[in-house]
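Report on one structure; see the data block that follows.
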Amino acid sequence: MTHEVRGVVARAKGAPVTLETILVPDPGPGEALVKVEACGVCHTDLHYREGAINDDFPFLLGHEAAGVVEAVGEGVTEVEPGDFVILNWRAVCGQCRACLRGRPWYCFNTHNATQKMTLADGTVLSPALGIGAFADKTLVAAGQCTKVDPAAGAAVAGLLGCGVMAGFGAAMNTGNVGRGDSVAVIGCGGVGIASVMGARLAGAAKIIAVDIDPRKLEWAKNLGATHTVDSSSADPVEAIRDLTGGNGADVVIDAVGIPKTYEQAFYARDLAGTVVLVGVPSPEMRLDLPLLDVFGRGGALKSSWYGDCLPTRDFPMLIDLHLQGRIDLAAFVSEEIPLDGVEAAFEKMHHGDVLRSVVVWK
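Using the UniProt record's numbering, you'd call the opening residue of the sequence shown number 1 and step up by one each time.
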């Protein structure tokens with residue numbers, strides 16, 4: 001059986017997205033059909049639309065999603081129909097060299113659905129991050145479904161599918177922030193704010209939020225930052241050093257991902273401190289640092305892929321912490337929008353007006 005549903009499609013580089021009829025097959029072996037209940041509008045979706053990921057147009061956008069499993073294919077044991085799940089783009093294989101070394105968060109062979117979703121004319125779609133959740137229903141590998149407590153609500157839970165998890169993980173997993181550490185976060189959009197919250201949860205004593213937008217700095221302060229720096233009027237490196245006794249922060253997280261902010265992060269850390277790059281650069285960007293400075297400052301320069309998360313471990317934990325009132329994931333939801341509101345949400349994102357617009361099926 002084929003399911004005829006609505007989906008948000010990017011047909012060409014830079015072109016406005018369109019709402020189109022999508023054909024979704026029943027799940028085959030190892031696959032799951034998910035009825036989507038909410039999906040966040042993430043910068044990565046905009047990157048797909050702008051051709052900054054690859055040129056495999058047309059794309060079925062959306063990946064930061066939660067919903068209910070409607071059907072499963074042969075051999076699926078992870079989930080069953082009726083389960084409330086967050087979708088993830090790290091369905092670990094269990095067999096690659098990273099998994100076999102006990103590091104599944106680096107899995108080099110993650111699974112996606114084998115069957116293809118198409119437009120009504122049969123044109124094959126490329127689902128964003130192997131998910132494609134700006135659609136009434138989507139087909140994924142069963143391992144891309146992580147069962148969590150439905151009490152959190154879909155609009156909140158789905159955000160862990162990408163940006164919020166990336167930010168939390170950048171602090172807690174990649175940066176390994178510890179009790180009493182000083183942490184600086186450069187860039188206070190959704191990922192940066194989540195990094196602030198992750199640092200707070202990990203027990204950081206000083207959390208310095210850096211941005212050029214006073215609204216974002218206020219959001220950061222309300223959600224865990226102890227200090228803020230407006231880098232449109234102050235040198236962030238000097239400001240971070242001033243706030244850390246002249247030393248620099250133990251961990252500096254670059255949630256922007258451009259050469260200028262990375263260089264700021266590099267020089268704003270303490271000797272033997274850690275730089276974490278979680279903002280996603282574009283392909284043409286290049287970095288120029290004196291190699292002697294890289295050697296002389298020691299420490300670690302890390303990239304954070306998906307917050308180095310393991311969905312089966314991290315999603316339920318963060319949902320439980322939210323339900324206990326220890327973290328406020330709902331604070332990321334700036335607005336709830338219909339499926340045909342994605343293009344307008346991209347514009348709001350571009351202007352920094354929202355932490356997250358979330359498509360909600362009602």
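Beta carbons: idealized from backbone N, C-alpha and C, even for Gly.
Closest option to V278, judged by alpha-carbon separation, among T261, L292 and R286: T261. Counting along the chain, L292 sits inside the alpha helix (DSSP H) bounded by residues L291 to R297. Assigned with DSSP and collapsed to three states, G169 falls in helix.
Nearest in C-alpha terms to L129, of all of T138, G122 and C99, is T138. A check of alpha carbon separations from Y267 across G30, G132, I131 and D235 identifies D235 as the nearest. Within the same chain, Cβ atoms closer than 7 Å to the Cβ of E78 are found at A142, G143 and C145, the five residues on either side in sequence being excluded. If you compare the alpha carbons of E336, I253 and F346 with that of S303, the shortest gap goes to I253. In the structure shown, the three-state DSSP call for R200 is helix. Residue environment for M285: exposed (fewer than 16 other C-beta atoms within 10 angstroms of its C-beta). Here F84 is bridged, per DSSP, to V68. Rounded to whole angstroms, the gap between the alpha carbons of V76 and H111 is 13 Å. Beta-bridge partners assigned by DSSP to E335: S357. For A199, the closest alpha carbon among the candidates K216, G224, W219 and R215 is that of G224. Within 10 angstroms of the beta-carbon of Q264 lie 16 or more other beta-carbons, which makes it buried. When the five nearest sequence neighbours on each side are left out, the beta carbons in the same chain lying within less than 7 Å of the beta carbon of L339 are those of R6, V8, L19, F134 and V359, in order along the chain. The C-beta distance from L23 to E37 rounds to 21 Å, too long to meet the 8 Å contact threshold. Within the same chain, Cβ atoms closer than 6 Å to the Cβ of H227 are found at I208 and L243, the five residues on either side in sequence being excluded.
Nearest to M197 by alpha-carbon distance, out of I212, R326, C99 and L310, is R326.
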